[in-house]
Structure formats: structure tokens, C-alpha cells
Amino acid sequence: MSGQDVELTGVSMTYPNGFTAVQPTDLTIKAGEFFSILGPSGCGKTTILRMISGFLDPTTGSIAIGGEPMIGIGPNHRPTALIFQSLALFPLMSVWENVAFGLEARGVSKTARRKRAEELLDLVALSDQEDKKPGELSGGQRQRVAVARALAVEPAVLLLDEPLSALDLKLRQHMRAELKDIQRKTEVTFIYITHDQGEALAMSDRVAVMNEGAIDQVASAEDLYNHPNTPFAATFVGEQNVFSGKVKTVANGHAQVETPHGMLLGMNKHGLSTGENAIVMVRPERIYLEDRKDRLGPLPNELNRIEARLQRRDLEGALINMYLDAAGHSVHVNLHNTGDATLGAQDDHMLLFTPDDTVVMRPGPMARDKA
Amino acid sequence: MTAASDVSMAAPRAAARRRSRDWSGALLNGYLLVFFAYMFLPLGFMVIAAFNAAPTPSATDWQGFTLRWFTELPQDKRFVQGLWHSLAIAGGVIAFSIPLGLSGAFILTRMQSRVTTVLYTVLVSPVLIPGIVLGVTTMIFWRDYFGLQAGLFTAMIAQTSFIASYCMLMFMARLQRQDRVLEEAALDLGATPMLVFRRITIPFLMPTILTACVISFLQSIENYNTTFFAIGSSWTLVTEIGSRMRFGLSPIINAIGVIFIAITITVAVTHTLVTRKRA
Amino acid sequence: MGELTKIYGRGLTFLFVGLVTIWILLMIVVPQIRMIERAFTFEDRGGETAMLALDIDHAYTEKFQIEQQLLTLQQQGSSGTKSSPAAPSPFTPSMTVPGAAPTAPGPGLAPSPSASPQNAMSAEERQAEAADLRSQIAALESRITDMEAQEDTSSGEAGMKERLSLDNFTTMSALHFKIFLMTLLYAFTVTVFAFVICYPVAYAAAMAESRNKLTLILIGLVIPYAINELLRIFSWVMILEKNGILNAFLDGIGIIDMSAGEGFRFVASNGAVFTVMVYAYVLFMVFPIYNTIDTLDKSQIEAARDLGASVWKIHTRVVIPHAKPGIAVGSIMTFMLSAGSIAAPEIVGRGMHPDWFSQLIYRRFFEADSWNQGSAYSLALLTACIIFILITMAIFKVGVKDIAK
Chain A
-18 MSGQDVELTG VSMTYPNGFT AVQPTDLTIK AGEFFSILGP SGCGKTTILR
32 MISGFLDPTT GSIAIGGEPM IGIGPNHRPT ALIFQSLALF PLMSVWENVA
82 FGLEARGVSK TARRKRAEEL LDLVALSDQE DKKPGELSGG QRQRVAVARA
132 LAVEPAVLLL DEPLSALDLK LRQHMRAELK DIQRKTEVTF IYITHDQGEA
182 LAMSDRVAVM NEGAIDQVAS AEDLYNHPNT PFAATFVGEQ NVFSGKVKTV
232 ANGHAQVETP HGMLLGMNKH GLSTGENAIV MVRPERIYLE DRKDRLGPLP
282 NELNRIEARL QRRDLEGALI NMYLDAAGHS VHVNLHNTGD ATLGAQDDHM
332 LLFTPDDTVV MRPGPMARDK A
Chain B
105 MTAASDVSMA APRAAARRRS RDWSGALLNG YLLVFFAYMF LPLGFMVIAA
155 FNAAPTPSAT DWQGFTLRWF TELPQDKRFV QGLWHSLAIA GGVIAFSIPL
205 GLSGAFILTR MQSRVTTVLY TVLVSPVLIP GIVLGVTTMI FWRDYFGLQA
255 GLFTAMIAQT SFIASYCMLM FMARLQRQDR VLEEAALDLG ATPMLVFRRI
305 TIPFLMPTIL TACVISFLQS IENYNTTFFA IGSSWTLVTE IGSRMRFGLS
355 PIINAIGVIF IAITITVAVT HTLVTRKRA
Chain C
916 MGELTKIYGR GLTFLFVGLV TIWILLMIVV PQIRMIERAF TFEDRGGETA
966 MLALDIDHAY TEKFQIEQQL LTLQQQGSSG TKSSPAAPSP FTPSMTVPGA
1016 APTAPGPGLA PSPSASPQNA MSAEERQAEA ADLRSQIAAL ESRITDMEAQ
1066 EDTSSGEAGM KERLSLDNFT TMSALHFKIF LMTLLYAFTV TVFAFVICYP
1116 VAYAAAMAES RNKLTLILIG LVIPYAINEL LRIFSWVMIL EKNGILNAFL
1166 DGIGIIDMSA GEGFRFVASN GAVFTVMVYA YVLFMVFPIY NTIDTLDKSQ
1216 IEAARDLGAS VWKIHTRVVI PHAKPGIAVG SIMTFMLSAG SIAAPEIVGR
1266 GMHPDWFSQL IYRRFFEADS WNQGSAYSLA LLTACIIFIL ITMAIFKVGV
1316 KDIAK
């Protein structure tokens, strides 16, 4: 098995009722890549997946897989296999018949089918369950049957539509590793749809963040988290404290923004100029308490400072979550649990963060439940 | 009002409520008994008369036990011939109604368009209009357009026109519970539409298809109003029974009744027990 | 269509669409249209064309008679020339030359007196007569051709002029119209009775506390429901007969004396048909209502009861509003079956009681042989049922999709 690349050129989808699910999109997914599309529900990611698999025809644009144009080719003739959110195992067929169904469709003989099904079930560690019905299996086992069934047709591209969402947390983390492992072994191109940033970041070579039918940013997991390009990508992936204000001065790739909390200095990657409205963002784990500044190591010349009052302090295990109030604006801070029970326990705090950890952007749509 | 007085007030009220519930429950049970007596007594009289030697069917004028009416039954050529006609019609009805019902159900459940409401109304209309109108229109249509006189064929067509609607409703109910993703999954794995249909859709529908066959069969065999108009000078078991009833009562009819009732009870009880076990 | 081909492919989609098209055209729409067409086509049995048809028939008969006459004449003529060897005359035993005595009366050929004057005709007279007859035939033939040509431009079946009109409806007699209205009224009353009788049963079934009780109730409902309509009707005829069970019961309690020939003739009356119909169709009301009440969250009733609602209030405010679609379906089925029943009036009426509209329809078709008027009557019945369905849907605020489930 080996993967092929997928190329979307100007692809858009408008439903007959006038709703535009996907704005014109260009996207190239490389052969053998584990690629995730991450976005909130209703952002259009499933529509993209269904267009790649052939269940939907794009309103405009073209799709090519391995260089072959795919428009007009039905889902049963594309080199793709889809793993559905509900898994869609055939309830009336046994496990091995499920796995071998794609081969049956290709006219492979029954003995050859059975043999191949057994190999694949070995690959997903389900070798002794082949004669059971899907209904008799556990959630994780069903998951693996779905993967085996999809791989049986030796697809060049495997499409996964939130296949782990029905599993509990422990199993989900385990299956992440297993999927990643299978992808590495088979070198098939994986396109993985999810609204769970943890899944996307943990498994993917690259992640596309999608919002309201458009792709905001395509980047490696690291880049996406550390250098988000849009307010949405910044707030949807991980958490951000957001302050708004006006740009006061611009210098050396930095911008100074006047906010209700005073002047804040941050990276000006988008080239904002003086007088523009701006938002300033910093992640909770990049904020330090002044009384522990010795832990920062050598400090830069300028530090952003905000006075805040503790509202709530929750121990989460490895982290301590602090929710503070800075002049009516709530601020979230993560501290590493050092084992010191008094850490951050007092009422009044001075919060510090470096300009390099601070991002200045033009205001724009943000992820609703985060921010 | 204090909490204590609240409680002391509530207790007798609850008791009164319980009493009135017991009372209305007993009334309801009593009503059920009367209702079932109303349902079953007439049938009981009919069964008794089937074993009565009296030459006119009677449950009151007992002239001794006999099985004579049952043994006379197979010698009645018109009844036997009518039974064969009924079976032939029922076979045709099943052969037509199942494919028609399936086609209608597939189109209506799989197509999203404004036309489907109109289509649905047209396809269920035979269930809602009087059976004799169906018989009449079928008879007229086949004679006027194809020069075909009313007979077994037109009776079969007339029955099919509404039994197919019943089948369609059953298939639609089943298809609406189907996970559509299964068909998509099969297509995605490279199956041709034919294979999807054969391996996914039909197996899923199979229990309903069998039920639909049984129900179509019973509906066809038992139909009177539509068949009466559409069958012309031919006859089925039931239209023959009907015409015998019109010209006077004979215990042979009771004997047929007993056989019908026995079959019905067997099927009904089996069906209820089977569905109960499944539930 | 696109959705269908995507899942089932072109072949199967074509098959499905084809079958449904055949179903709609050959079994539903075109037959209905044909009935409507016939309903609005009046066969004029007393009008001008019917007269014309009658004239043509007369002309044919006349022509036939003249032809017969001509034939006889020719036979006579030939018998004058060729005497029949099968009829030897005792007076001319030696007659051996046929045709030698053309004027001689053939005694063997004078069996009837009517023939004798013709027999007296000379050959010339006969020929003149024959020529006259031939010209008469020719005249008749040309008249028939004329009339037939006239007829062909306007005729329908049996030579009766057909025209588009409402006459099939407007010529419905007052008696028939009254029967039509009474049938609808009776059907409506059957529906109301069925509801009143069935509602408590459906409610009891839906509220059954134990599975066993529910199973028992359901079996108790399914058995009579599944038993043939005719048998249910028949069982009641046995009860209502003059020497039936009801009279035997009345005899038993001393109200009448059957041995003295007393007894009520219950059958063959509208009341009897009505009673039997309630019995025969009552169960079509139970199941739809049961199905809807069954989906009602039982805690709603508990809550209403807890809030102090009376039994009446619980039903009018909670249960019946929820059961609306079921009541609508049950009412439509019961009404349609009662209004269109031919079994109950025919069997209970014992052929003596043509007071149900379905029987009139039957008679129009099979006794009066007036299919167009029969179609008009059927259409009237169909329209009444459709109006009932629409009114029911409006009252209970349900759509077509809720009805047929």
C-alpha cells in the first residue's frame, strides 16, 4: 500500500437551499501524510471529506487524487476509503465478511477474501473475532474492524470522519497511537476530520484549521500552536487570553498596544500600523507570577505586566488553573504544580509575560467557547 | 400555611386520589370485559352453529353434534374452485405488490424534493378511498382501454392497487430506521449499486418483506368489497361465501368460518408471541 | 433523482421509477380519470340520436323482412320452374318434365294459405313484384347508409349519443340522493360510535400495567380484527335473524313466543345494517388510537393527576390532544369502510334492502348496465370520502404524512 496526494483547486460547495458549506478552497495534501482538518461542528469539514470521497459533487472547482481528476467519478470508483463517524459496520454480516466486503465488490474469490480478512484482522489485533457479528464487539474492537475494512481495499487515501468520538477518553488515547502506527506502517495518506484539537495535534503531520467554510491556516501542529495566523486559529487551538486596544507605536517587529490594562508589547507579524485597532493574545501557560520571576531565567528588557486579583484556583493534577480578574477582564493562568501548596494562593498578583510570547493581531472572528 | 398542616392536608388528598384511581381502574376493566364479550360472543355463536346438526345455522336450537358441514365442504365444487381462484389472485398480488411497494418506498425515502409529497399522496390514496371505487375504476379501465372483461386478472390488479400501498408504507417505516450510512459505506468500498442493493438493502428489508408477503396474502384472500366489483362473473372463495350468505344461511358457511377463525387465531397468536419475544 | 442514481445506480433507479410509473398510471390515476370521464359523459337514451339509432334498427328490420319476402318470391318462381322431387303430387304422377307447366300450381308447394295468392301470380307479375321489392331494398339501404353516416359523426356505444354534461348527477333521482345522504349520515354515526366504544379500550391497552395484560388485550383485539369482514357480519346476521339468537333470548325471558311464530324481523333494516357495521368496523378505530396513546409519556398523566386534574380533564386536555393523529386515521378508515361497504348491506339486507349507496352503485353497473351513471355515483362517493378526509385533517390539524402510518 502507498498513499497518493490529494489536490483541491477552487473547491466550493453550496447546497440547493443556498447554504454555502465550503468557500472556494485550495488545498494540497501530500502522499503518505497524516493530515487533519480541525474545526468546530458545522464548519464544513465533513463536506470537504464527502467531496473527496465522492458522495458530494463540489459546486465549483476540481479535485484530483494522485494527479487524476475525480469530478464525475462515483465513490465506488475512487482510490479512497472512508471510515464513518458511526463506523457503519454492516450489522447482518460477520466481522470477516465486513472486512472482506470491498474485496467481494471486486470479485475476489471467497477463500482469498477470507485469507485477506484474516491478515487484516491480525494487523488490527482482532484475529480471533472474525466470525462474530459487529454487535457482539466492544467499541474499540468495532473501531478496529472499521479500519481493517477500509484498508482491505488498499486505498491510496484513507478518510476518517471523527471515528474516535464515540469512545471513552482512555480508549481514545490508545486508538490515537494505534491509528498513527497503522498510518506509518501502511504509508497511506490519512485525512482525519475532528473537532478535538488534542487528536489533531497529537497525530497529524499537518493540520488545517477550518471555520465557517474556509480554511484559516494549514501548518504543522507545532507551528499552529506557537504561531497561529488568525484570531480564530489562535483561540480555537489551545487557549488564549485576549485583550483589545489600539496600536500606539510600532518598532523592530513589535507593536505596543494601549489597552485598559496599560501598554502591552507583542509580536507584530501581521504588520499593524499605528492607530489600528488590535487584539493582544497570550497563552495561559506563558504567564508568570511576579513572585516567582526567578524561574524565568534571564528576563528581556521589557516585560508586560498586569495587575489581577485571584478569583478561583483549581488543581488539575500536573497543572494549577488560576482564574483572575484584571480590572473587570478575566485572565486565565496555568502554573506547573511544583508541589508547593501556597503557590499562587494569595489574593493579589502581578502577572508577567514576555513580548515574544505575546501576539498582536487585527481583530477578527474567534472561537466562541474559548477566548 | 405551615409545613405540618401541608402534610396533613396532602395525605387524605392522596388517599382520595388513589381511591378514585382504583375506582376508575375497576370501571375500565369492567368495560374491557363487556367489550371483549361484545367482540367474541357473536363469533362464539357462529362456531357453535358450525357443529350443530340443525340444517339452518343456530346456536340455540341444538340438534346434536356433527362434523357433517366440514365434510361437505370439500365436495362443494364452487368453494374449492373459489379457493383456487383466491390463491391464484393472492399469488399475483404478492408478485406485484412487493416490487411496487419497494419501488415506491425507495423513491419516497431516498428523494428529497417537493414532488415527493404529491407522489406520496398519490401512492397512499388507494388505502384511503373506498374499496368499491377501486374495483369499479379497475373494471372500467381495463375494459375501455384494453377490451378486457372483468375477471380474475382485474380482481388481482384492483387488489394490488391498494395492497401495494400497504406494502409501501411498511417498507418506508423500515427504511426510515435504516442507517443510510451503511449503503454509502458499501459504495465507498467499491461496491456497485447492484451489490449494495443485494448485500445491504435487501437483507435489511428481508424481515419486512416476509411480513409484507403474509399481510398481502391475507389481505388478498379476505378482500370482499374491491373484488366483488372487479371480478365480473368469476368468483373467489370470499365472494362465493358472500353470495351464499345473501341467499340464506347454511352451516357450511359456519364451517368455513371456523376454519378461518382457527387460522386467524394461530397466525395472530404466533405473531404476537414472536414480536413479544423480539421486544 | 440524483440521490437515487447515486445509491442504486441507473439500472435499479430506472426499474424503480418505471414500476412506480406503471403503478400510478395503470392502477391509480388513469383508471380514476377514466371513471371521471365516464361520470361526466351522459349517454342519451331518449334523445335524437337514440331515436336515430332506433330508426336504423327499424330500417334494418324492414329490409330484412323485404329480403325474406323477395327470397320467398324467388323460391316460388323457381318452384314453378323446378318442381321439388321431394314433393310428388298425387295429381300429376306422370309429371316428368320440370318447367313444362309453369303456370300449374304445385300442390306440394302450397302448404300455407298465405302463399296461395302469390302462387297465383304469373311469372311477369312475380318479376314486377321482385323488382319492386329490390327497389325498396335499395331505397332502404341508401337510407340506412345516410342515417349511419349521420350516426357515425356523433355516436357512441350502442348508438346512444354521448355528451359531456352533469346529467349523470342531476338525473339522480330524489330517492337515490336521499340514500346517498343517509349512507353518509350512517357512516358518520358509525364513526362516532366506533370512537366512543374504542377510545376506552385503546386507552386501557396503552396504560396496561403489565406486559401480560397488554399481550392479552392485543391478542383479544387482533383476533376479531383479522377475522374476515364477512364472517363478522355473518355472525351478527345469525343473531338478528327471525329465528336467531336475539329472538331466542327474548323468547327465553318471555317477551315473545317463538313457538307461536312471534319474533322480530331485525335483519333487512337500516338499523340492522348500522348495528352490524359498528361491530364490523369498530376495530379499525382501536389500533390507530392505541398506537398514538402508546407514545404518550405516561408521566404526563401522572403529573396532570398530581396537579388535581379530574379524569375528564386528563382526557380532554392531555390524552386526546396527543391521540389526535390516531383519532383522525381511525375516523377516516371507519368512515371510508362504512360508506363504501357493500358486504354489510348486501348480507344483512338479504337482497331485499337496497338502501345503501354502494348497492345503488352495484345496480347501476350490473343491473341497469349504465356504467356512466355508475361512474357518477362512484365519483360522488369518492368525493364525499375525500371531503371527509380533508375536513378530518383540518379539524385534527394533521398532514397526509401523519395519516398513513
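Residue numbers (this note's numbering), protein chains in the order written: chain A, -18 to 352; chain B, 105 to 383; chain C, 916 to 1320. A virtual CB, placed ideally from N, CA and C, is assigned to each residue, including glycine. Remember, it's a predicted structure, so these values are computed and weren't measured experimentally.
Amino acids of chain C, ordered along the chain, whose beta-carbon sits closer than 8 Å to that of V240(B): Counting from one through the second sequence, the residue named residue 240(B) turns up at place 136. Here the neighbours are M950, I1276, F1280, G1289, S1290 and S1293.
Residues that V314(A) bridges to, as DSSP identifies them: The sequence position of residue 314(A) within the first sequence is 333, counting from 1. Paired residue(s): M303(A).
E344(B) beta carbon less than 8 Å from that of G186(B): As a working note, residue 186(B) is residue 82 in the second sequence. As a working note, residue 344(B) is residue 240 in the second sequence. For G186(B) and E344(B), yes; Cβs fall inside 8 Å.
Amino acids of chain B, ordered along the chain, whose beta-carbon sits closer than 7 Å to that of F931(C): Numbered from 1 along the third sequence, position 16 holds the residue referred to as residue 931(C). S207, F210 and I211, listed in chain order.
Exposure label - Q990(C); buried when at least 16 CB within 10 Å: Mapped onto the third sequence, residue 990(C) falls at position 75. Exposed: under 16 other Cβ atoms inside 10 Å.
Continuous beta strand (DSSP E) stretch holding I1216(C): start and end: Here residue 1216(C) corresponds to residue number 301 of the third sequence, with the count starting at 1. Where I1216(C) is concerned, there is no enclosing beta strand (DSSP E), although the alpha helix (DSSP H) it sits in stretches over K1213 to D1221.
Distance CB(S108(A))-CB(E99(A)) smaller than 8 Å: By one-based count along the first sequence, residue 108(A) stands at place 127. By one-based count along the first sequence, residue 99(A) stands at place 118. The answer is yes: Cβ separation under 8 Å.
Short-range partners of chain A found in the stretch 303 to 314 of chain B, where Cβ spacing is below 8 Å: R303, I304, P307 and F308
Runs of alpha helix (DSSP H) wholly within the stretch 224 to 264 of chain B (minimum 4 residues, chain order): 235 to 250
Burial state of S1009(C) (16 or more Cβ within 10 Å): The residue given as residue 1009(C) occupies position 94 in the third sequence. Bear in mind that a pLDDT of 39 at S1009(C), under 50, signals an unreliable position, so the model cannot answer this.
Test item: CB-CB of P1260(C) and T241(B) under 8 Å: Counting from one through the third sequence, the residue named residue 1260(C) turns up at place 345. Counting from one through the second sequence, the residue named residue 241(B) turns up at place 137. No. Outside cutoff.
Expected contact under 8 Å - CB spacing of H176(A) and G20(A) to nearest Å: Mapped onto the first sequence, residue 176(A) falls at position 195. Mapped onto the first sequence, residue 20(A) falls at position 39. Between G20(A) and H176(A) the Cβ distance is about 7 Å, and since that is below 8 Å, they are a contact.
Limits of the unbroken beta strand (DSSP E) element including A236(A): Reading the first sequence from its first residue, position 255 is the one you call residue 236(A). A236(A) -> beta strand (DSSP E) spans H235 to T240.
First and last residue of the uninterrupted beta strand (DSSP E) at M244(A): Here residue 244(A) corresponds to residue number 263 of the first sequence, with the count starting at 1. According to the DSSP assignment, M244(A) belongs to the beta strand (DSSP E) that extends over G243 to M248.
Beta strand (DSSP E) segments (min. 3 residues) lying fully within the stretch 37 to 67 of chain A: Runs found: 41 to 46 and 61 to 64.
Limits of the unbroken alpha helix (DSSP H) element including P159(B): Start at 1 with the first residue of the second sequence, and residue 159(B) comes out as number 55. That residue, P159(B), is in no alpha helix (DSSP H); it is neither H nor E in DSSP.
From G239(B), I304(B), T160(B) and T296(B), residue whose alpha carbon lies closest to that of Q253(B): Sequence index remark: in the second sequence, residue 253(B) carries index 149 (1-based). Cα-wise, what sits closest to Q253(B) is G239(B).
Pair within 8 Å by beta-carbon distance, L1136(C) and V1191(C): Here residue 1136(C) refers to the residue found at position 221 when the third sequence is read from its first residue. Here residue 1191(C) refers to the residue found at position 276 when the third sequence is read from its first residue. Not a contact, by the Cβ cut-off of 8 Å.
Between the CA atoms of V223(A) and H310(A) - distance to the nearest angstrom: In the first sequence, the residue the question calls residue 310(A) occupies position 329. In the first sequence, the residue the question calls residue 223(A) occupies position 242. Cα to Cα, the separation comes out at about 9 Å.
Per-residue burial, N327(B) [other beta carbons within 10 Å of its own, 16 or more giving buried]: Counting from one through the second sequence, the residue named residue 327(B) turns up at place 223. The residue is buried, with at least 16 neighbouring Cβ atoms inside 10 Å.
Under the three-state DSSP convention, the category M(-6)(A) falls into: Indexing the first sequence from 1 puts residue -6(A) at position 13. It is a strand residue.
Local Cβ density within 10 Å of L293(B), reported as buried at 16 or more and exposed below that: Mapped onto the second sequence, residue 293(B) falls at position 189. Taking a 10 Å sphere around the C-beta of L293(B), we find 16 or more other C-beta atoms and assign the residue as buried.
Where the stretch 254 to 288 of chain B meets chain A: residues whose CB sits under 7 Å from a CB there: Answer in chain order: D283, V285, L286 and E288.
Start and end residues, beta strand (DSSP E) containing Q4(A): Within the first sequence, the letter at position 23 stands for residue 4(A). Under the DSSP assignment, Q4(A) falls in the beta strand (DSSP E) whose first and last residues are T1 to I10.
Host alpha helix (DSSP H) of Y1118(C) (start-end): Residue mapping note: residue 1118(C) aligns to position 203 of the third sequence, counting from 1. Here the alpha helix (DSSP H) through Y1118(C) covers A1089 to M1122.
Simplified DSSP state of S1031(C), which is helix, strand or coil: The residue labelled residue 1031(C) in the question sits at position 116 within the third sequence. The predicted model places S1031(C) with a pLDDT of 44, which falls under 50 and marks its position as unreliable, so this point remains unresolved.
K921(C), buried or exposed, once every other Cβ within 10 Å from all chains shown has been counted against 16: What you label residue 921(C) is simply residue 6 of the third sequence in a count that begins at 1. The residue is buried, with at least 16 neighbouring Cβ atoms inside 10 Å.
Proximity of A61(A) and I44(A) at Cβ, strictly below 8 Å: Here residue 61(A) refers to the residue found at position 80 of the first sequence. Here residue 44(A) refers to the residue found at position 63 of the first sequence. Per the sequence presented here, residue 61(A) reads as Thr, with Ala not at that position. No; because the gap between Cβ atoms is not below 8 Å, this pair is not in contact.
Through-space distance from M184(A) to M342(A), alpha-carbon basis: Within the first sequence, numbered from 1, the residue matching residue 342(A) stands at position 361. Within the first sequence, numbered from 1, the residue matching residue 184(A) stands at position 203. Cα-Cα distance, rounded: 28 Å.
As assigned by DSSP and simplified to three states, the class of D177(A): As a first step, residue 177(A) must be located in the first sequence, where it is residue number 196. In this structure, D177(A) counts as coil in the three-state DSSP scheme.
Same chain only: Cβ atoms within 6 Å of S1080(C), ignoring 5 sequence neighbours per side: Locating residue 1080(C) in the third sequence gives position 165, where the first residue counts as 1. F957, listed in sequence order.
Exposed unless 16 or more other CB atoms sit within 10 angstroms - verdict on S34(A): Here the question's residue 34(A) lines up with position 53 in the first sequence. By the 10 Å Cβ count, S34(A) comes out buried.
Residues near G121(A) in its chain [Cβ-Cβ closer than 7 Å; skip 5 each side]: By one-based count along the first sequence, residue 121(A) stands at place 140. L148, L152 and M156.
Residues in the stretch 136 to 169 of chain B having any Cβ partner in chain C nearer than 8 Å: L136, F139, F140, Y142, M143, F144, P146, L147, F149, M150, A153, T160, P161, S162, A163, T164 and D165
Given 8 Å, three or more beta-carbon pairs between the stretch 306 to 320 of chain B and the stretch 145 to 158 of chain B: no
Contacts that T296(B) makes with chain A (C-beta to C-beta distance below 8 Å): Counting from one through the second sequence, the residue named residue 296(B) turns up at place 192. N57 and A86, listed in chain order.
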